[in-house]
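Participant: Numbering-wise (the numbering used here), the sequence shown opens with residue 509 and increments by one. Glycine is no exception: its CB is placed at the ideal position from the N, C-alpha and C atoms. To start, I am sharing the structure in question, which I have written as structure tokens.
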Amino acid sequence: VIRGVLYWVAPLNHRGFFKELKFDTTPGYIYVSAEDPDAQAVLVENLSMDYSYVGEYFGEYIKRILYFHGLHGYTQYEPSFELDDDFNPWWVVSLSKPSIGLSGDIMKKVVLFSPINGTLKIYNFKEQPGWVDRAFPEKMAEEYSTWWGMYKHGFWNTVLAEEDVKIPT
509 VIRGVLYWVA PLNHRGFFKE LKFDTTPGYI YVSAEDPDAQ AVLVENLSMD YSYVGEYFGE
569 YIKRILYFHG LHGYTQYEPS FELDDDFNPW WVVSLSKPSI GLSGDIMKKV VLFSPINGTL
629 KIYNFKEQPG WVDRAFPEKM AEEYSTWWGM YKHGFWNTVL AEEDVKIPT
């Protein structure tokens, strides 16, 4: 949602390794209104986006950059490409840590990563800017709803009585 209007946004990506070597940067992104079916798509060019999560290799790959910035102890969820209220592009990456052994992920941080200049802004979860639309990943929301339905009365209830056990469909 940008200034009260819902948009679909997509970055322009390289088609493969050799295209990435040849062109180095991508020119921009495309956005279109998700509310008006007659609206035309808008191509934003001349941004020289150097960093991406898709189609980038070596030093421009966001997952690797976050790892080398000390965020290697977190689970990285697939980032979403979003625009701030001034139509500046950002990759939004959600980071979690397990709460029980290697499972039970809990959201800890949200990273905003500029595809143009590589600027990183790290926020604690729920302290990110208001324009961020997807800080809580879909995969984690599905896991939480499954856990709520299964473990409402604890683990042993899922094995023995199965009272009030709900499985999402």
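To the nearest angstrom, how far is it from the Cα of Ile630 to the Cα of Leu668?
Facilitator: Position 122 of the sequence shown, counted from the first residue, corresponds to residue 630. Position 160 of the sequence shown, counted from the first residue, corresponds to residue 668. About 44 angstroms.
Participant: For Tyr659, count neighbouring C-beta atoms within 10 Å of its own C-beta (all shown protein chains included) and say buried if the count is 16 or more, exposed if not.
Facilitator: As a first step, residue 659 must be located in the sequence shown, where it is residue number 151. With fewer than 16 other Cβ atoms within 10 Å, it is exposed.
Participant: For Phe663, count neighbouring C-beta atoms within 10 Å of its own C-beta (all shown protein chains included) and say buried if the count is 16 or more, exposed if not.
Facilitator: By 1-based counting over the sequence shown, the position of residue 663 is 155. Label assigned to Phe663: exposed.
Participant: How would you label Glu646, buried or exposed, when you count the other beta carbons within 10 angstroms and need 16 or more for buried?
Facilitator: Within the sequence shown, numbered from 1, the residue matching residue 646 stands at position 138. Exposed, since its Cβ has fewer than 16 Cβ neighbours within 10 Å.
Participant: Just to confirm the assignment, what range does the alpha helix (DSSP H) spanning Gly657 have?
Facilitator: Numbered from its first residue, the sequence shown carries residue 657 at position 149. Looking at the DSSP string, the run of the alpha helix (DSSP H) that includes Gly657 is 646-658.
Participant: For Val614, which residues in the same chain have their Cβ closer than 7 angstroms to its Cβ, ignoring the five residues on either side in sequence?
Facilitator: For the purposes of this step, residue 614 is taken as residue 106 along the sequence shown, with counting starting at 1. The sequence given here places Ile at residue 614; Val does not occur at that position. Around Ile614: Ser604, Lys605, Ser607.
Participant: Using only CA atoms, which one of Phe644, Thr533, Asp532, Leu620 lies nearest to Asp592?
Facilitator: In the sequence shown, the residue the question calls residue 592 occupies position 84. Comparing Cα-Cα distances from Asp592 to each of Phe644, Thr533, Asp532, Leu620, the minimum goes to Leu620.
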